[in-house]
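Step one of this worksheet: look at the structure below.
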Amino acid sequence: MKLSVKTDISDQECAELLSKAPDLSPQEYVILQQYLHQIGRPFRTYTDIPHPEYSLVLPPVAKRPLDITAGEHTYSCFSSHSGNSSIQFHDRFTQTLHTGFIHTILQLPLEGVLQSFLLVQEHLALPLSEEQKAPYIQYPELMTRIVNAAPSSKVFIIEPHHIITHLTTLYQPQGSYGIPFDTYVVCWALNRGRR
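Residue 108 in the numbering used here sits at position 105 of the sequence shown, and the numbers go up by one each step.
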């Protein structure tokens, strides 16, 4: 089932969703709350009781869809569809572009709206000495680079509107281009300058 990115939700739908949704891990809860605070949404921790009247409280649970549709594009978790999980995205805090794999999609009701958040593992950059073994760094017009296939420990939390484009990815086994570990070649030319 394809889920939309942002949808108004009734109180009854909200209660039903929260009653069936799995728990957020402590790490997910903290990173989501920090993100919300950074964008000016002061959600309180659900364990910080008593809550003042009319305070915003971040639920400890969220739906975990395997994919979402934003506009005309479907984005998936890496565990569901590795190709649809590889994206280029905008970091709203540093105004920089990054590439990575969508690790987790979270959907939860906030202020009467079902909202989607994506936890994205950034692609792990190669040391320059290794990256230069592949030709891509010499041809920036290809909009391509080679990255380590090992998962990065750096996780971004983004919203679907921060996605610039899907990436094409090509797995390269250890030894490709003389690089002593597995890599991915990632290309963001699918964007074609639209965003």
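Note that CB positions come from ideal geometry on N, CA and C, so glycine has one too.
Here's a check: name, in chain order, each residue in its chain whose Cβ is nearer than 7 Å to the Cβ of F96, leaving out the five neighbours to either side.
Only Q41 meet the Cβ criterion.
Give the range of the alpha helix (DSSP H) segment to which N87 is assigned.
Note, N87: alpha helix (DSSP H), S85 to S88.
When you compare only the Cα positions, how much space is there between L20 and T147?
Using only the alpha carbons, I get a separation of about 41 Å.
What's the gap between the Cα of I160 and the Cα of V64?
Approximately 16 Å, taken between the alpha carbons.
Taking the C-alpha atoms as reference points, what is the distance between I108 and H169?
About 16 Å.
Along the chain, which unbroken stretches of the beta strand (DSSP E) at least 3 residues long are found entirely within the segment 29-104?
Secondary structure in the segment 29-104: the beta strand (DSSP E) runs of 3 residues or longer, each lying completely within the stretch, are 70-73, 76-79 and 89-94 in chain order.
Those residues which DSSP pairs with F184 across a bridge
Bridge partners of F184 according to DSSP: none are assigned.
Identify the continuous beta strand (DSSP E) that holds Q15 and give its terminal residues.
Taken as a continuous stretch (DSSP letters only), Q15 belongs to no beta strand (DSSP E), being part of the alpha helix (DSSP H) at D14 to K23.
Just to confirm, is the Cβ distance from I12 to G86 under 8 Å?
Cβ distance not < 8 Å, so I12 and G86 don't count as in contact.
Excluding five sequence neighbours on each side, which residues of the same chain lie with their C-beta closer than 8 Å to the C-beta of Q36?
Beyond the five residues adjoining it in sequence on each side, Q36 comes within less than 8 Å, by CB distance, of F46, T48 and L61 in the same chain, given in chain order.
For I90, which option in L113, I140, L122 and P68 has the closest C-alpha, if you only look at C-alpha atoms?
Comparing Cα positions, the closest option is L122.
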